[in-house]
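The structure under discussion appears below in the form of structure tokens.
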Amino acid sequence: MSKTRMNWMVARALMVSMAGVMAAPAGTLDSSQADWYERYKKQENAPKPAEMQLNEEAEPSLEEGFSELFNGKDLTGWTAKGGKAKFEVKDGAIVGTVVPDTPSTYLCTTKDDFGDFIFTAELKWAVNLNSGVMFRASSRQKGKQEEVFGPQAEMEGITGDRRWSGGVYGQSCGGYFYPLWLEEHEAVRSAMKPKDWNRITILAKGNVVKTWLNGVPAAHWVGDGTYAKGFFGLQVHKAKAGQVMFRNIRVKELDE
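Quick note on numbering: the sequence shown equals residues -23 to -1, 1 to 233 in mature numbering (1 follows the signal peptide of the UniProt record, and there is no 0).
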């Protein structure tokens, strides 16, 4: 082994150790996901199944130390970016509704420097729609459009056979960082409750991001430091129709 290669491996091990996690074993591609793998494997960010790490930790405690990001009454502390979807508050929840033939829209926190944290929220669909929660996100001008980009905890909606809710997508920055296509992801692929509220939890500490869907472990993504801080954003994906609701949106910021 070359000295350069050995130094890289030592540095990588130290990075993971400093993030406070142990590297979980890599997984195996699920044969039921083979078509999706063929479709996405050439994306810029697509990981090789044998190199993916598994989230084998219990969901963090959601009891103490959290701040409410949504007051349950109005959209104070939030601002819409991107498209023209409609956001309003009904019955203590944020309701996002598609405006057809417009781009994806994100309701974003006005605070834009969230770094290390535990985030949790609940989502429910009135009309099926792809959605998700942006985290450590940023925005930029792209022509006449304000484009939101960065990592997103995917919440796919309640139909389809991909079932990657809880995976990590690189929105407008290269595609999936962490797709849920391994055999070991079957439990989380089955965790979605189509007619009920679904809880997404995100733990971000240094370069390590882990997610849980309804308490079931999902992603274990180790980034490269590109997305260290940013805002949260609630996505209403572009579509002909769709409506998604968000509630109990809370964050616990961690010491860096």
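No residue lacks a Cβ here, since even glycine has one placed at the ideal position from N, Cα and C. Note that this is a predicted model, so its numbers are computed, not measured.
DSSP-derived helix/strand/coil call for Arg140 = For the purposes of this step, residue 140 is taken as the residue at position 163 of the sequence shown. Coil.
Residue environment, Ser108, which counts as buried when at least 16 other CB atoms sit within 10 Å = Working through the sequence shown from its first residue, we reach residue 108 at position 131. By the neighbour-count rule (16 or more Cβ atoms within 10 Å), Ser108 is buried.
key: Through-space distance from Arg139 to Asp89, alpha-carbon basis   = Here residue 89 refers to the residue found at position 112 of the sequence shown. Here residue 139 refers to the residue found at position 162 of the sequence shown. Near 31 Å, if we compare the C-alpha coordinates of Arg139 and Asp89.
Whole-Å CB distance - Met111 paired with Gly127, under 8 Å assumed = Position 134 of the sequence shown, counted from the first residue, corresponds to residue 111. Position 150 of the sequence shown, counted from the first residue, corresponds to residue 127. Right, their Cβ atoms sit about 6 Å apart.
message = Using a Cβ-Cβ cutoff of less than 7 Å, which residues in the same chain neighbour Thr56 once the five nearest sequence positions on both sides are dropped?
response = Counting from 1 along the sequence shown, the entry for residue 56 is found at position 79. These residues qualify, in order along the chain: Cys85, Thr87.
message = Within 10 Å of its beta-carbon, does Asn172 have 16 or more other beta-carbons around it, so buried, or fewer, so exposed?
response = Here the question's residue 172 lines up with position 195 in the sequence shown. Residue identity check: residue 172 is Lys in the sequence provided, not Asn. Classification for Lys172: exposed.
ask   = Does the beta carbon of Asn107 come closer than 8 Å to any beta carbon on chain C?
value = This model lacks chain C altogether, as it is built from one protein chain only.
key: Cutoff 7 Å; reference Tyr14; Cβ partners in own chain excluding five residues on either side   = Counting from one through the sequence shown, the residue named residue 14 turns up at place 37. Excluding its 5 nearest sequence neighbours in each direction, Tyr14 has C-beta neighbours in its own chain below 7 Å: Leu6, Trp158, listed in chain order.
task = Tell me whether the beta-carbon of Pro156 lies closer than 8 Å to the beta-carbon of Gly143.
result = If you number the sequence shown from 1, residue 156 lands on position 179. If you number the sequence shown from 1, residue 143 lands on position 166. Inclusion of Pro156 and Gly143 in the CB contact set at 8 Å is not warranted, their separation being larger than that value.
task = Using DSSP bridges, identify the partner residues of Pro37.
result = Here residue 37 refers to the residue found at position 60 when the sequence shown is read from its first residue. Looking at the DSSP output, Pro37 sits in no beta bridge, so it has no partner there.
ask   = Got a sec? Which residues, its chain only, sit under 6 Å from Val199 by beta carbon, not counting five neighbours each side?
value = Within the sequence shown, the letter at position 222 stands for residue 199. Correct list, in chain order: Asn184, Val185.
inquiry  = Among the candidates Glu163, Glu41, Gly59, whose CA atom is the shortest distance from the CA of Gly120?
reply    = Working through the sequence shown from its first residue, we reach residue 120 at position 143. Comparing Cα positions, the closest option is Gly59.
Boundaries (first-last residue) of the beta strand (DSSP E) holding Tyr83 = As a first step, residue 83 is located in the sequence shown; it is residue number 106 there, counting from the start. Tyr83 -> beta strand (DSSP E) spans 82 to 86.
key: Alpha-carbon to alpha-carbon, Ala62 and Lys182   = In the sequence shown, the residue the question calls residue 182 occupies position 205. In the sequence shown, the residue the question calls residue 62 occupies position 85. Linking Lys182 to Ala62 through their CA atoms gives a straight-line distance of about 32 Å.
Asn175 classed as buried or exposed, judged by whether at least 16 other C-beta atoms fall within 10 angstroms = Stepping through the sequence shown from its first residue, residue 175 is reached at position 198. Note on Asn175: 16 or more other CB atoms within 10 angstroms of its CB, so buried under the neighbour-count rule.
task = Keeping to the same chain, check which residues put their C-beta closer than 7 Å to that of Val221; ignore five residues upstream and five downstream.
result = In the sequence shown, the residue the question calls residue 221 occupies position 244. Within the same chain, Val221 has close Cβ partners Gly73, Leu100, Trp102, Leu106, Ser108, Val213.
request  = Just the C-alpha distance for Leu231 and Gln122, rounded to the nearest angstrom, thanks.
outcome  = Taking the first residue of the sequence shown as position 1, residue 231 is located at position 254. Taking the first residue of the sequence shown as position 1, residue 122 is located at position 145. Linking Leu231 to Gln122 through their CA atoms gives a straight-line distance of about 33 Å.
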